[in-house]
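Take a look at the structure below.
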Amino acid sequence: MKVLVLNSGSSSLKYQFIDTDTEVALCKGVVDRIGLPGAFIRHQKNGQEIVKEQEIKDHNVAIKLVLEMLTHEEAGIIHSMDEIDAIGHRVVHGGEYFSDAVVVNEEVKKAIRECIELAPLHNPANLMGIEACEREIPGKPNVAVFDTAFHQTMPRYAYMYSLPYEMYEKYKIRKYGFHGTSHKYVAIKAAEYLKRPLEELKLITCHLGNGSSVCAIKYGKSVDTSMGFTPLAGLAMGTRSGTIDPAVILYLMEKEKMDVKQMNDFLNKKSGVLGISGVSSDFRDLEKAANEGNERAQLAIDMFCYRVKKYIGEYAAVLGGVDAIIFTAGIGENNALVRDKCLTDLEYMGVLYDRERNFNVEKGKVFEINKPESKVKVLIVPTNEELMIARETKRLLSK
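Below, the structure is given as structure tokens:
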């Protein structure tokens, strides 16, 4: 099966065309700055890259551009749309409606629309991508794979908030969790590497990037995760505050005369390590600034790592022990300093971490950074959400 995987953002569209038999991406690319000046498509095939700039007013135009590239005389990979077997879509929020991937129909689209208020930046774009494909590639199945679906196995005591119960009944206010596709993928890869059934393992997966979350996975199922009702909760992130005392929000709204929209922007776009450091949301910039003596940049790094370590300890208690701790995503895979700070002083829970291996990682594969005698494995596992979406699409349609 050949699956076109789409990840539609508010102003971007990432794509991969994947042969699910070989699990190879035949080509991939991104359409960026949709609806903005300077829009372009960057398409890659066999290490070659084509960049084309043009006006891209909406996601319909973006999808057409992707299909043009797929059938391009030189850069393309197929001769006609008939060679696309299915389209797999990343959808950020599925609410309580979906605990698995689903074939898209009118009822599914209605449910995605109803979740827009829970993910106003993401679900509208995800839906636009689906509807554009229905128009441009009619007759092909579209499959929605939800970021929230993997976490639907959390027990009620883990996902409920201590608010009046009527708020849950009226507005479905609860923890949903995100990055589920990534957490699931790296858990499966870790089980393969360890040569043990996933159903026997207790894992803590750390998806660390501009958006970050930690997940407790017991016997293949998510039992808790750091993000909440929205992706704002949990760790301090690139520009997101993470979890704070809710009274701080009320206090600042009064003192700074902020309305709801301003506060939402403040917490999502001006906080996190950017807000603490005043330098950047990019850890490469923070590390450089810290090495040059910038104390606030160092503080931002320390705060981020401290919270990751707290979640590792918390989830070890939730799981009743740990078989492996997994690092993934942009920071988790590539930043040795962050991993070092997160793993130091965990000997009490059986983690004997090999510092030299951590700073000499072989990238692009599963890599072990614990000492041989360590009771707990520590793994770096490159994530591949697009491949996971293709796998889920194939699994669902093969039924």
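In numbering that gives the first Met the number 0, the protein residues as written are 0 to 398.
Glycine included, C-beta positions come from ideal geometry on N, C-alpha and C.
I'd like the list of long-range same chain contacts for residue i, defined as Cβ closer than 6 Å, with 5 residues on each side in sequence excluded.
i: residue 220; result: 152
i: residue 129; result: 88, 103, 141
i: residue 341; result: 304, 307, 308
i: residue 110; result: 96
i: residue 121; result: 91
i: residue 192; result: 365
i: residue 27; result: 15, 43
i: residue 348; result: 315
i: residue 407; result: This structure does not reach residue 407, given that the chain is present from 0 up to 398, and the question cannot be answered.
i: residue 6; result: 13, 89
i: residue 113; result: none
According to DSSP, which residues form a beta bridge with residue i?
i: residue 7; result: 12
i: residue 89; result: 144
i: residue 358; result: DSSP, once it has assigned bridges, lists no residue as partnering residue 358.
i: residue 49; result: 42
i: residue 367; result: 378
i: residue 206; result: 212, 327
i: residue 30; result: 12, 40
i: residue 224; result: 214
i: residue 17; result: 2, 24
i: residue 352; result: 369
Output yes or no for whether 8 Å exceeds the beta carbon distance between residue i and residue j.
i: residue 241; j: residue 208; result: no
i: residue 180; j: residue 387; result: yes
i: residue 183; j: residue 145; result: no
i: residue 328; j: residue 321; result: no
i: residue 87; j: residue 142; result: yes
i: residue 464; j: residue 33; result: One cannot answer for residue 464 here, as it falls past the ends of the chain, which runs 0 to 398.
i: residue 375; j: residue 367; result: no
i: residue 385; j: residue 15; result: yes
i: residue 124; j: residue 392; result: no
i: residue 237; j: residue 276; result: no
i: residue 157; j: residue 318; result: no
i: residue 83; j: residue 77; result: yes
Suppose you measure from the CA of residue i to the CA of residue j; what does that come to, to the nearest Å?
i: residue 394; j: residue 99; result: 11 Å
i: residue 69; j: residue 353; result: 44 Å
i: residue 79; j: residue 48; result: 21 Å
i: residue 257; j: residue 251; result: 7 Å
i: residue 285; j: residue 295; result: 9 Å
i: residue 269; j: residue 225; result: 20 Å
i: residue 171; j: residue 245; result: 19 Å
i: residue 57; j: residue 50; result: 18 Å
i: residue 362; j: residue 135; result: 38 Å
i: residue 260; j: residue 201; result: 40 Å
i: residue 131; j: residue 161; result: 41 Å
i: residue 93; j: residue 262; result: 25 Å
i: residue 176; j: residue 235; result: 15 Å
i: residue 350; j: residue 178; result: 25 Å
i: residue 233; j: residue 20; result: 37 Å
i: residue 239; j: residue 169; result: 27 Å
i: residue 45; j: residue 137; result: 28 Å
i: residue 432; j: residue 290; result: With the chain covering only 0 through 398, there is no way to say anything about residue 432.
i: residue 398; j: residue 194; result: 27 Å
i: residue 228; j: residue 359; result: 38 Å
i: residue 223; j: residue 147; result: 12 Å
i: residue 59; j: residue 101; result: 22 Å
i: residue 249; j: residue 8; result: 30 Å
i: residue 293; j: residue 333; result: 22 Å
i: residue 71; j: residue 106; result: 35 Å
i: residue 369; j: residue 345; result: 11 Å
Excluding the 5 residues flanking residue i on each side, which residues of the same chain have their C-beta closer than 7 Å to its C-beta?
i: residue 197; result: 186, 187, 190, 219
i: residue 18; result: 1, 25
i: residue 339; result: 354, 357
i: residue 63; result: 135
i: residue 264; result: none
i: residue 74; result: 42, 44, 49, 68
i: residue 297; result: 289
i: residue 115; result: 122, 123
i: residue 313; result: none
Ignore the nearest five residues each way along the sequence and tell me which others in residue i's own chain have a CB closer than 8 Å to its CB.
i: residue 38; result: 30, 31, 32, 52, 53, 54, 55
i: residue 337; result: 207, 282, 300, 303, 304, 307, 330, 331
i: residue 23; result: 17
i: residue 167; result: 159, 160, 173
i: residue 383; result: 184
i: residue 35; result: 10
For the putative contact between residue i and residue j, defined by C-beta atoms under 8 Å, what is the C-beta separation to the nearest angstrom?
i: residue 108; j: residue 126; result: 7 Å
i: residue 213; j: residue 310; result: 4 Å
i: residue 325; j: residue 204; result: 5 Å
i: residue 266; j: residue 231; result: 6 Å
i: residue 389; j: residue 4; result: 5 Å
Using a Cβ-Cβ distance cut-off of 8 Å, determine whether residue i contacts chain C.
i: residue 227; result: You won't find chain C in this structure, because it holds only one protein chain.
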